[in-house]
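**Q** First the structure, which I've put down as structure tokens, then a few questions once you've had a look.
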Amino acid sequence: MKSNTIIKRVIDIALTVTLLLLMAFQVTEQLAHEWLGITMFVLTIVHQLLNRKYYAAIFKGRYTPLRVFQLIVNTLLLLSFLCTALSGMMMSRYATPFLDGILPSSVVRQGHLALSHWSFVLMGLHLGLHLGIIVSRLKNKTVRIVLGIVMTGISVYGFSLFFSSDILKYMLFKNPFAFLDYTKAWWLVLLENLAMLLAWAFAAYLLSLILRKITRRQRKEKRL
């Protein structure tokens, strides 16, 4: 594996771990949460620089349904990440206190709460769009079947957590405050966040299979 590819994978893992910690405010609390946010912001910039060839190729080639979906997810993810970081900095008490008060705190707080959960969902979709690369390297059919069963189970659990936690209310700006369970063990909070993230990733992976099938059918019809 090339050194550039290794660096990309390390950054990808670091982004995912940092996101999971950021979504566990009851575990990290304010000070660590703010510096994790700064870390996420820096990692996001590095990630964009390492994948600059992607931006150079945006206006090149043919757009299939899958490529359109990828562009939408990637664009929304970047925008939501940047807006989440900016709103977080405007509420900061430790990392960037000089930005506090630029906008009304109630507006910034609700925006940060909504956008952070949008970033979480979009990150899951983004990861799922790359899951096909990993699956394609698994040549053993039994392993692929077992992986599919495991991911299905995790997804059912993850989506049940997602909807029972009223996260949609945060995303739709219907709830201005986050209700967190501070009595829950830290490892359980992280595992639940991971289950929800993987649920969205698996959903995106399944959708990518459908979109690829549509593209193959369209090409077949053109040849006929």
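Under my numbering, the residue at position 98 of the sequence shown is numbered 99, and the numbers go up by one with no gaps. C-beta atoms are modelled at their ideal positions from N, C-alpha and C, and glycine is treated no differently.
So what does DSSP say about Ser209, is it helix, strand or coil?
**A** helix
**Q** Report yes or no: do the stretch 87-103 and the stretch 123-133 share at least 3 C-beta pairs separated by less than 8 Å?
**A** no
**Q** On the criterion of 16 or more Cβ atoms from any shown chain inside 10 Å, does Tyr206 qualify as buried, or is it exposed?
**A** buried
**Q** According to the neighbour-count rule (16 or more other Cβ atoms, all chains shown, within 10 Å of its Cβ), is Ile211 buried or exposed?
**A** With fewer than 16 other Cβ atoms within 10 Å, it is exposed.
**Q** Considering Cα atoms alone, identify which of Leu116, Gly149, Arg10, Glu35 is closest to Leu100.
**A** Among Leu116, Gly149, Arg10, Glu35, the Cα nearest to that of Leu100 is on Glu35.
**Q** Straight-line CA distance for Gly149 to Ile103?
**A** 48 Å
**Q** For Val47, which residues from the same chain have a beta carbon less than 8 Å from its beta carbon, with the 5 sequence-adjacent residues on both sides left out?
**A** Sequence-distant partners of Val47 (beyond 5 residues in either direction) whose C-beta falls short of 8 Å from its own C-beta, in its chain, are Ile12.
**Q** Where does Val28 land, buried or exposed, given buried means 16+ other C-beta within 10 angstroms?
**A** By the 10 Å Cβ count, Val28 comes out buried.
**Q** By Cβ distance, which residues of its chain are closer than 7 Å to Ala196, with the 5 residues on each side in sequence left out?
**A** A distance below 7 Å between beta-carbons, with the five flanking residues on each side excluded, links Ala196 to the following residues of its chain, in chain order: Ile155, Tyr158, Gly159, Leu162.
**Q** Please classify Arg145: does DSSP put it in a helix, a strand, or coil?
**A** helix
**Q** Are there 16 or more other CB atoms within 10 angstroms of the CB of Phe121, so buried, or fewer, so exposed?
**A** Its Cβ being crowded by 16 or more others within 10 Å, Phe121 is buried.
**Q** If you draw a straight line from the alpha carbon of Glu222 to that of Thr216, how long is it in whole angstroms?
**A** 10 Å
**Q** The alpha helix (DSSP H) spanning Lys140 covers which residue range?
**A** Careful: Lys140 lies outside any alpha helix (DSSP H) and carries neither H nor E.
**Q** Pairs of beta-carbons, one from the stretch 139-149 and one from the stretch 187-196, closer than 8 Å: are there three or more?
**A** no
**Q** Can you find at least 3 beta carbon pairs, one from the stretch 46-66 and one from the stretch 5-21, that sit closer than 8 Å?
**A** yes
**Q** Residues in its own chain within less than 8 Å of Asn52 by CB, not counting five upstream and five downstream?
**A** Excluding the 5 residues flanking it on each side, Asn52 has same chain C-beta neighbours closer than 8 Å at Lys9, in chain order.
**Q** Which residues in the same chain have their Cβ closer than 6 Å to the Cβ of Tyr95, if we skip the five residues on either side of it in sequence?
**A** Leu32, Glu35
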